[in-house]
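Everything in the sequence shown is counted per the working numbering, starting at 21 for the first residue and increasing by one.
Think of the CB as a built atom: it goes at the ideal place given N, C-alpha and C, for glycine as much as any other residue.
Take a look at the structure set out below.
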Amino acid sequence: MITASPDVISTAFSPGHITGILEKPVSIQASDNFVNLGSKGVGFCIDMGITTLVRLFKNQTFDYSISINGSPTNGEVSRWVLEYYVKLFQQDTGRGQPCSALQKYYIQVEHLVNIPVGFGLGSSGAAALSLSYALNEALGIGLTRTQSAQIAHIAEISCRTGLGTVLAEFAGGFEIRTAIGAPGIGSIEKIQPITDSKAVILCMSPISTKSVLADNKNNINSVNGLGARMLNEIRKSKNINEFLKMSYDFSNALRLTNGICKGPVELIRSLGFYCGVALFGKTIFTIVPSNEVNNLIESLKEFTGKLIVANVDTQGARMVHSN
């Protein structure tokens, strides 16, 4: 174990994200250029997510460890991003010395996660994006913010853990993803947040995004373009209440409002609010005026799950610290 002080410390943050409406996902082939793939949809970022610390220690060989909130993990997306950056570093672009002469490091990656993982809150994309930013800075690779985000996007698609989440978390805020692709290629239109409002989120049960994307018979393929029609309507209105209303209709068409989600959904609607179910996770979300939050939370306490109250994050993923 490395016990000396790190030579470099770099920290980045990515917000979590909820998708409420999604067009039919594209099928992914191994021969595809993943930077041109993605998904269209509508959703928003929250001011909770993943902060990633990268510490570099001089070492005899390249080695690494990855942890989540202090516990060791072998996370697939994080490993993909880390190993990609080690290869970039070893390519020696402009360092003026052979790869064998380059400094080698033990790379310690620590993800500080304050959103539930696997509940449709964009945790894998946030891990990939914050790690990509932190490694780019720590190793001195010199990529732009957009180029670094593209690596995270490719990692998500390669690992089958997401399609459009990185683009959304890169941009921040309420967004309509109008063209597929990584940051710099895909397109986004912004919706102005409702002032003095909060996102109330009830995480009830996880769903594996990888299993959904691997299922060619998943329900999104059966709703006959509903997501595309809704996306076009929201592009016209740019109205968050319309987004919430359509999110419910979309969730209902996919039968996501059944089962354990039925009770909370019906309760929220009985209180006069629209809500949807996050894609993908058994997670109910709504946006309500700040003065309504406490009453809604009290009402939802009868249901088992993790309740989250968050603001909309309008900045997107960003560097926090580097030395």
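Buried versus exposed, by CB contacts within 10 Å (16 or more), residue i
i	result
glutamine 110	exposed
lysine 326	exposed
glutamate 189	buried
aspartate 333	buried
arginine 255	exposed
threonine 215	exposed
histidine 131	buried
alanine 199	exposed
glutamine 123	exposed
threonine 185	buried
glycine 247	buried
Cβ pair residue i, residue j closer than 7 Å
i	j	result
proline 203	alanine 148	no
leucine 183	glycine 296	no
phenylalanine 293	threonine 306	yes
isoleucine 211	phenylalanine 194	yes
tryptophan 100	alanine 175	yes
threonine 181	valine 46	no
asparagine 331	aspartate 67	yes
valine 329	lysine 218	yes
isoleucine 88	valine 133	yes
tyrosine 125	asparagine 156	no
leucine 102	tyrosine 84	yes
N- and C-terminal bounds of the beta strand (DSSP E) containing residue i
i	result
proline 35	28 to 42
glutamine 128	124 to 133
alanine 337	Careful: alanine 337 lies outside any beta strand (DSSP E) and carries neither H nor E.
phenylalanine 305	302 to 309
tyrosine 84	83 to 88
Residue from the options whose Cα sits closest to the Cα of residue i
i	options	result
phenylalanine 54	Ile70, His173, Gly142	His173
leucine 73	Trp100, Ile177, Ile127	Ile127
glycine 279	Ile317, Ile70, Ile304, Glu195	Ile304
leucine 264	Thr31, Arg99, Asn56, Gly63	Gly63
glycine 162	Val137, Thr198, Arg197, Tyr105	Tyr105
glutamate 312	Val220, Phe82, Glu157, Ala24	Val220
phenylalanine 350	Ser152, Val308, Met266	Past the edges of the chain, shown from 21 to 343, lies residue 350, and the structure says nothing about it.
glycine 138	Gly61, Gly69, Asn272	Gly69
Supposed contact pair residue j and residue i - C-beta distance, whole angstroms, cut 8 Å
i	j	result
phenylalanine 300	isoleucine 227	5 Å
serine 25	alanine 154	Going by Cβ atoms, the distance from serine 25 to alanine 154 rounds to 18 Å, so no, they are not a contact pair.
methionine 266	isoleucine 38	Not a contact, Cβ separation roughly 14 Å.
isoleucine 177	alanine 191	With 8 Å as the limit, isoleucine 177 and alanine 191 do not qualify as a contact, their Cβ atoms being about 18 Å apart.
glycine 61	arginine 197	5 Å
Start-to-end residues for the alpha helix (DSSP H) that takes in residue i
i	result
asparagine 314	313 to 320
asparagine 261	260 to 273
serine 150	143 to 158
lysine 282	282 to 290
Cβ-heavy atom distance, residue i to the ligand PLP, below 6 Å
i	result
alanine 147	You won't find the ligand PLP in this model; it holds no ligand whatsoever.
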